[in-house]
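Chains as they are written, first to last, in the numbering used here: chain A, 62 to 368; chain B, 38 to 351.
For glycine and all other residues, C-beta sits at the position ideal for the given N, C-alpha and C.
Here it is in structure tokens:
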């Protein structure tokens with residue numbers, strides 16, 4: 062039993078209906094954490110994408126007379142130390158972190174999965190050395206790499222993405238390699254080998270599609286982790302430059318006013334938390350499903366082997 | 038078995054070489070002239086005399102070919118000499134040693150408490166998969182993983198320092214100043230430790246020797262406590278070592294927030310001051326330590342785990 066991208070529980074009819082109905086059917090048939098996570102993530106994405114139009118005020122407009130105001134009817138989350146509207150800044154402030162995290166996750170996912178699959182197919186010394194290198198790299202905190210590179214090249218998109226991808230591919234490689242080893246033992250792979258199919262064909266047609274589901278689960282979990290890391294770098298002033306709003310930067314700017322206006326600190330942190338929680342839940346939901354599918358696949362293989 | 042250990046050491050040496058080359062070469066790729074940077078950080082005068090820059094360049098040996106520079110840098114680095122900080126003019130190695138001590142204390146306290154919570158919690162969750170405790174634990178893990186530590190930290194300052202006034206807000210004077218940073222740092226490791234404990238204990242509970250112990254009349258709890266815990270804690274101990282290595286440098290934000298004079302803050306200040314020798318030294322020390330601890334853990338695992346002897350595979 063293979064893991065398909067499309068949900069087998071949906072009828073063809075349901076999938077064809079319309080993208081929106083299809084998405085709804087896709088989400089509603091899943092684990093509750095997946096549903097809850099999807100709602101949270103959808104909220105954050107809508108916020109990030111449409112912020113410019115939704116924001117009630119110009120996020121950079123200062124109003125020094127009305128600084129550090131508590132939440133009110135005009136300013137739902139109050140104003141910051143320069144009198145800027147916190148809600149507007151919060152809406153716009155996710156763009157940097159979400160973009161960087163998304164790009165990083167996509168790059169590391171592709172690179173890591175390919176390395177893992179190739180190592181798992183190749184076996185032997187190449188596999189051992191590659192996995193040993195993964196084992197060594199995986200525990201290096203990406204913040205250390207980021208600080209070193211930012212210290213040398215200064216904060217910019219390329220440096221940030223590079224520093225988060227240098228180590229970031231390792232969890233995908235480890236996972237994809239393990240999955241490949243599992244899939245290697247299945248009958249249809251042996252059949253493909255016996256039939257003399259090309260190595261790249263076996264990898265792309267038989268191995269990679271079977272890694273997609275578990276890898277997707279991990280990539281959502283990693284996305285939350287990246288979001289928090291990028292926010293932390295912004296907090297340190299090593300991310301986006303002021304006056305552009307950014308969640309991490311907003312929290313750093315709020316620090317001197319912690320006692321007077323705690324909401325300046327709590328609100329952006331809560332948004333990072335909810336976004337990270339959303340993707341973590343999605344990842345968890347996917348993980349549960351793929352684990353179920355994998356154990357079913359193993360049992361089937363075992364039964365086939367015994368019979 | 039010795040083949041595995043030899044292979045691990047060979048890969049360790051290779052990785053350390055790559056790390057040292059990266060630490061040495063990456064700063065050369067930036068367009069800044071090191072001699073200029075050093076002089077600027079010392080005199081903060083934008084009109085530098087070209088002769089002074091040239092003199093310093095010769096003094097630092099920057100006019101020699103690159104491989105020669107690398108080898109002499111590596112030679113002194115191996116003897117524990119990473120040069121002098123541009124900003125403080127102190128030896129980099131001394132600053133790193135001092136900061137490492139602080140970071141080790143902080144990391145061990147955070148991880149120790151995390152482990153004390155995670156072991157019983159993970160075991161309890163594993164006893165009844167899908168039960169109330171398991172469900173609560175899963176939710177707790179997800180919440181902890183998603184909590185930015187730089188959000189938890191200011192909120193804890195707000196509560197314990199500004200409102201209750203029972204803890205110091207920042208600095209590194211007494212054991213009390215350890216509490217808040219350690220609390221913020223322990224959230225994520227606690228989540229992962231619990232997860233690993235639960236997974237390991239689930240495997241243990243399904244193991245034949247537990248069934249055997251149960252058959253001899255022990256209750257499930259007795260069987261797990263007497264026969265399961267030791268086996269179940271092995272993966273957790275491995276995980277502890279890896280987190281320890283990672284937390285030494287991974288605590289930058291927390292060390293900066295709480296003004297803890299550890300490795301993270303040292304690196305952060307090096308970035309702010311454009312202090313390349315400290316950056317290089319700190320990078321080599323942290324990444325080197327991380328892969329060294331990693332290798333030691335792995336070799337110990339091979340030595341102590343009979344199942345690992347003669348074969349490779351986790």
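Buried or exposed by the 16-neighbour rule on C-beta atoms within 10 Å, applied to residue 248 of chain B: Exposed is the label assigned to residue 248 of chain B, since fewer than 16 other Cβ atoms lie within 10 Å of its Cβ.
Report buried or exposed for residue 366 of chain B, applying the criterion of at least 16 other Cβ atoms within 10 angstroms of its Cβ. Absent from the model: residue 366 of chain B. The displayed extent of chain B is 38 to 351, so no value can be given.
Which of the three DSSP states, helix, strand or coil, is assigned to residue 121 of chain B? In this structure, DSSP gives residue 121 of chain B an extended state, which the three-state scheme calls strand.
So, for residue 292 of chain A: in the same chain, excluding its five sequence neighbours on each side, which residues have a beta-carbon less than 6 Å away from its beta-carbon? Apart from the 5 residues on each side of it in sequence, residue 292 of chain A sits with its Cβ closer than 6 Å to the Cβ of 158, 308, 309 and 333 in its chain, given in chain order.
At what residues does the alpha helix (DSSP H) containing residue 87 of chain B begin and finish? 87 to 96 is the extent of the alpha helix (DSSP H) around residue 87 of chain B.
Chain A partners of residue 45 of chain B, CB-CB under 8 Å? Correct list: 193.
What is the residue span of the alpha helix (DSSP H) that residue 61 of chain B lies within? It spans 39 to 66 - the alpha helix (DSSP H) in which residue 61 of chain B sits, taken as one unbroken run.
Is it the case that the Cβ atoms of residue 311 of chain A and residue 319 of chain A are separated by a distance below 7 Å? Between residue 311 of chain A and residue 319 of chain A, the CB-CB gap reaches or exceeds 7 Å.
Starting from the C-beta of residue 319 of chain B, find all residues in its chain whose C-beta is less than 7 Å away, skip the five residues before and the five after it, and write them out in chain order. For residue 319 of chain B, where only same-chain residues beyond five positions count, the Cβ hits under 7 Å are 133, 300, 303, 304 and 307.
Any chance the segment 210 to 220 of chain A sits against the segment 329 to 343 of chain B, with 3 or more Cβ pairs inside 8 Å? Using a Cβ-Cβ distance cut-off of 8 Å, the segment 210 to 220 of chain A and the segment 329 to 343 of chain B are not in contact, since fewer than three pairs of beta carbons, one from each stretch, lie closer than that value.
Quick check on residue 57 of chain B: buried or exposed, where buried means 16 or more other Cβ atoms within 10 Å of its Cβ? By the Cβ neighbour-count rule, residue 57 of chain B is buried, with 16 or more other Cβ atoms within 10 Å of its own.
Taking Cβ positions only, does residue 214 of chain A come closer than 7 Å to chain B? By the rule that beta-carbons nearer than 7 Å mark a contact, residue 214 of chain A touches chain B.
Classification of residue 352 of chain A by the beta-carbon crowding that lies within 10 angstroms, buried from 16 upward: Label assigned to residue 352 of chain A: exposed.
Less than 7 Å between the C-beta atoms of residue 316 of chain B and residue 209 of chain A, yes or no? Yes, the pair counts as a contact, with Cβ atoms nearer than the cut-off.
What three-state label does DSSP hand residue 196 of chain A in the structure shown? In the three-state scheme derived from DSSP, where H, G and I count as helix and E and B as strand, residue 196 of chain A is classed as helix.
Ordered along the chain, which non-local residues of its own chain (more than five positions away) have a Cβ less than 6 Å from that of residue 202 of chain A? For residue 202 of chain A, where only same-chain residues beyond five positions count, there are no Cβ hits under 6 Å.
Nearest to residue 109 of chain A by alpha carbon, out of A/82, A/148, A/87 and A/139? Residue nearest to residue 109 of chain A within the set A/82, A/148, A/87 and A/139 is A/148 (criterion: CA-CA distance).
Compare the C-beta of residue 346 of chain A against all C-beta atoms of chain B and say whether one is closer than 7 Å. So, not an interface residue.
Does any CB atom of chain D fall closer than 7 Å to the CB of residue 146 of chain B? No chain D appears in the structure shown, which is made up of the protein chains A and B.
If you draw a straight line from the alpha carbon of residue 233 of chain A to that of residue 176 of chain A, how long is it in whole angstroms? Taking the straight line joining both Cα atoms gives about 9 Å.
Since residue 225 of chain B contacts residue 181 of chain B with CB under 8 Å, what's their CB separation in whole angstroms? With a Cβ gap of about 6 Å, residue 225 of chain B and residue 181 of chain B count as contacting.
Let me know the secondary structure DSSP gives residue 364 of chain A once reduced to three states. No answer about residue 364 of chain A holds up, because its pLDDT of 45 lies below 50 and its placement is not dependable.
Give a yes or no on whether the minimum CB-CB distance between residue 318 of chain A and chain B is below 7 Å. No, residue 318 of chain A does not count as interfacial toward chain B.
Residue span of the alpha helix (DSSP H) that contains residue 130 of chain B, given as start and end: That run of the alpha helix (DSSP H) goes 129 to 164.
Cβ-based burial, residue 343 of chain A [other Cβ within 10 Å; buried from 16]: Counting every other CB atom within 10 Å of its CB across the protein chains shown gives residue 343 of chain A a total of 16 or more, marking it as buried.
Do we get a CB-CB distance below 7 Å when we pair residue 326 of chain A with the residues of chain B? It does: the Cβ of residue 326 of chain A has a partner Cβ on chain B nearer than 7 Å.
What residue does the alpha helix (DSSP H) around residue 258 of chain A start on, and which one ends it? Careful: residue 258 of chain A lies outside any alpha helix (DSSP H) and carries neither H nor E.
Output yes if chain B places a C-beta closer than 7 Å to the C-beta of residue 131 of chain A; else output no. Taking Cβ atoms only, chain B never reaches closer than 7 Å to residue 131 of chain A, which makes this a no.
Since residue 10 of chain A sits in a beta bridge, which residues does DSSP pair it with? Absent from the model: residue 10 of chain A. The displayed extent of chain A is 62 to 368, so no value can be given.
Contact check, residue 228 of chain A vs residue 198 of chain A, beta carbons under 7 Å: For residue 228 of chain A and residue 198 of chain A, yes; Cβs fall inside 7 Å.
Taking 7 Å as the CB-CB limit, is residue 197 of chain A close to chain B? So, interface residue.
First and last residue of the uninterrupted alpha helix (DSSP H) at residue 233 of chain A: Here the alpha helix (DSSP H) through residue 233 of chain A covers 231 to 245.
If you measure between the beta carbons of residue 152 of chain A and residue 115 of chain A, is that distance less than 7 Å? Against a cut-off of 7 Å, the Cβ pair of residue 115 of chain A and residue 152 of chain A comes out as a contact.
Could you please give the first and the last residue of the uninterrupted alpha helix (DSSP H) stretch that includes residue 432 of chain B? Since the first residue of chain B shown is 38 and the last is 351, residue 432 of chain B is not available in this structure.
Should residue 202 of chain B go down as buried or exposed, given a rule of 16 or more other Cβ atoms within 10 Å for buried? It counts as exposed.
What does the alpha-carbon distance come out to for the pair residue 91 of chain B and residue 310 of chain B? Each residue's alpha carbon lies about 22 Å from the other.
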